[in-house]
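Colleague:
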Amino acid sequence: MLYSTTTAAQKRAQFRARLGEGELLRFPGAFNPLSARLIEQKGFEGVYISGAVLSADLGLPDIGLTTQTEVAARGRQIARVTDLPAIIDADTGFGEPMNVARTVQEFEDAGLAGCHIEDQINPKRCGHLDGKQVVDEQTAVKRIRAAVDARRDENFLIVARTDIRAAEGLDAAIDRAKRLVDAGADAVFPEAMRTLEEFEAMRKAVEVPLLANMTEFGKSDLFSVAQLRDAGLNMVIWPVSMLRIAMGATDRALDALLDAGHLRDKLDEMQHRADLYDLIDYESYNRFDTSVFNFRVER
3 MLYSTTTAAQ KRAQFRARLG EGELLRFPGA FNPLSARLIE QKGFEGVYIS GAVLSADLGL
63 PDIGLTTQTE VAARGRQIAR VTDLPAIIDA DTGFGEPMNV ARTVQEFEDA GLAGCHIEDQ
123 INPKRCGHLD GKQVVDEQTA VKRIRAAVDA RRDENFLIVA RTDIRAAEGL DAAIDRAKRL
183 VDAGADAVFP EAMRTLEEFE AMRKAVEVPL LANMTEFGKS DLFSVAQLRD AGLNMVIWPV
243 SMLRIAMGAT DRALDALLDA GHLRDKLDEM QHRADLYDLI DYESYNRFDT SVFNFRVER
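Numbered by the working numbering, the letters in the sequence shown go through residues 3 to 301 in order.
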């Protein structure tokens, strides 16, 4: 009932232990708390919270317009409804190294299991668009060091994302990843890698866990879990996929409503009321207060 019964510290410790076992952990992107609960129900290992999704949810482009407090608040809402670890997109850390430090502590307090911090300049842009620019190595290193020094729970995962591949090539990405690991990053997120061979080259270059981004309509091919596992990846995210699917379905439903004036033909595409109530654990509220849940939903 209400929120997760697993504490944030327990989630982080369990996540770290599982990450250390070397398996590939799957993190679909949750676009709200309810979708995070469905991700858990389906049996995935974690939940991802995308900055692009949060921006889009507010009707904004993903160019660094969201604030740290907005992102932390949404992260808290999602993390607290699931026993799964939640990793969140921290963009460039929302400012200078001191801002990065505060961001990490805010995310810890929000119950998140980790975050990734990138080396783009401000204002940032989507990692799979052309024209990205990255900061110099010293600035990128300072961000990661600030994040590592600020955390109070050693199990909170600091993931260093580098966008330099698209700007300067694979060799530059490998070199940047090494410097960020030296700065204390627990894992590396090499953005916009184009081939499995590039992932494999990164795998040979660094010993920390690697995260792959399987976002649609971007620079990377959409590799399967099996392919990424064979290439030595440790985490994979599908950051915007669930939002895209949900918005596509909503778009088609609105068209049907305009054309037919009803949605009777769309019932088999909808989540049934009974499934929704099961997902939000409506019946457990009855055990707490029988006056809340005193009916039965017929299928």
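No residue lacks a Cβ here, since even glycine has one placed at the ideal position from N, Cα and C.
1. The beta strand (DSSP E) with E120 in it runs from where to where?
2. Tell me, please, whether the stretch 225-237 touches the stretch 34-46 by the rule of three or more beta-carbon pairs shorter than 8 Å.
3. Check the C-beta distance from A149 over to G95 and give it rounded, since I have them as a contact under 8 Å.
4. Report back the beta-carbon spacing between F29 and M237 to the nearest angstrom; my notes put them in contact at under 8 Å.
5. Going by the DSSP bridge assignment, what does M237 pair with across the sheet?
6. Please list, in chain order, all residues of the same chain as P142 whose beta carbon is under 6 Å from its beta carbon, the five residues on each side excluded.
7. Return the first residue and the last residue of the beta strand (DSSP E) that Y50 is part of.
8. Below 8 Å on the Cβ atoms is my contact criterion, and I expect L86 with I41 to pass it. Report the Cβ-Cβ distance as a whole number of Å.
9. Enumerate in chain order the residues of its own chain whose CB-to-CB distance from K221 is below 7 Å, with the five nearest sequence positions on each side excluded.
10. So, do the stretch 207-221 and the stretch 241-254 have three or more beta carbon pairs nearer to each other than 8 Å?
11. I believe A187 touches A162 by the beta-carbon criterion, under 8 Å. Please report the beta-carbon distance rounded to the nearest angstrom.
12. Return the first residue and the last residue of the alpha helix (DSSP H) that R18 is part of.
13. Whole angstroms are fine: how far does the CA of A92 sit from the CA of R104?
14. Return the chain-ordered list of same chain residues with a C-beta closer than 6 Å to the C-beta of A152, the five sequence neighbours on each side being excluded.
15. Since C117 contacts I89 with CB under 8 Å, what's their CB separation in whole angstroms?
16. Just mark P63 as buried or exposed, buried being the case when its beta carbon has 16 or more other beta carbons within 10 Å.
17. Is F219 helix, strand or coil when you go by DSSP?
18. Give the secondary structure of V190 by DSSP, where H, G and I count as helix, E and B as strand, and everything else as coil.
19. Excluding sequence positions up to five away, which residues of its chain have a Cβ less than 7 Å from the Cβ of S57?
20. Beta strand (DSSP E) containing L159: first to last residue?
21. What residue range does the alpha helix (DSSP H) around I123 cover?
22. Kindly identify the DSSP beta-bridge partner or partners of I89.
23. List the whole-angstrom C-beta distance separating V190 from L212, where the pair is believed to meet the contact cut-off of C-beta under 8 Å.
24. Taking its Cβ as the centre, do 16 or more other Cβ atoms sit within 10 Å of V227, making it buried, or is it exposed?
25. Using CA atoms only, rank isn't needed, just tell me which of K144, I160, D138, V183 is closest to E170.
26. From this set, R289, E200, A112, which residue's C-alpha is nearest I51's C-alpha?
27. Under 8 Å by Cβ, that's how I've got A49 and T84 pegged, so tell me the actual separation to the nearest angstrom.
Modeller: Checking against the coordinates, here is how it stands:
1. 116-120 is the span of the beta strand (DSSP E), which, as asked, contains E120.
2. A contact between stretches requires three or more CB pairs, one per stretch, nearer than 8 Å, and the stretch 225-237 fails this requirement with the stretch 34-46.
3. Right, their Cβ atoms sit about 7 Å apart.
4. With 8 Å as the limit, F29 and M237 qualify as a contact, their Cβ atoms being about 6 Å apart.
5. DSSP output for M237 lists L27, L213 as bridge partner(s).
6. In the sequence as displayed, the identity of residue 142 is Ala instead of Pro. Excluding positions up to five away in sequence, the list reads D121.
7. Here the beta strand (DSSP E) through Y50 covers 49-51.
8. Yes, L86 and I41 are in contact; Cβ-Cβ is about 7 Å, under 8 Å.
9. Its chain contains H130, A168, A194, R196 as the residues whose beta carbon lies nearer than 7 Å to that of K221, once the 5 sequence neighbours on both sides are disregarded; these appear in chain order.
10. Three or more beta-carbon pairs separated by less than 8 Å link the stretch 207-221 to the stretch 241-254, which places the two stretches in contact.
11. About 4 Å; that satisfies the 8 Å criterion.
12. From DSSP, the alpha helix (DSSP H) with R18 extends over 10-22.
13. In this structure, the straight-line span from the alpha carbon of R104 to that of A92 is close to 11 Å.
14. Cβ within range, chain order: A103, V106, Q107.
15. Rounded to whole angstroms, the Cβ separation of C117 and I89 is 7 Å, and the two are in contact under 8 Å.
16. With fewer than 16 Cβ atoms within 10 Å of its Cβ, P63 is classed as exposed.
17. Under the three-state reduction of DSSP output, F219 falls in the coil class, being neither helix nor strand.
18. Strand.
19. The beta carbon of S57 sits closer than 7 Å to the beta carbons of P63, D64, L67, T68 from its chain, once the five residues preceding and following it are set aside; these are given in chain order.
20. Here the beta strand (DSSP E) through L159 covers 159-164.
21. For I123, no alpha helix (DSSP H) run applies, since DSSP gives it neither H nor E.
22. DSSP lists Y50, G116 as partners of I89.
23. Under the criterion of beta carbons closer than 8 Å, V190 and L212 qualify as touching, at roughly 6 Å.
24. Here V227 is exposed: its Cβ has fewer than 16 other Cβ atoms, across all protein chains shown, within 10 Å.
25. For the residues K144, I160, D138, V183, the minimum Cα distance to E170 belongs to D138.
26. The residue with the shortest Cα to Cα distance from I51 is A112.
27. Before going further, note that residue 49 is Val rather than Ala in the sequence given. The beta-carbon distance between V49 and T84, rounded to whole angstroms, is 6 Å. This is short enough to meet the 8 Å contact definition.
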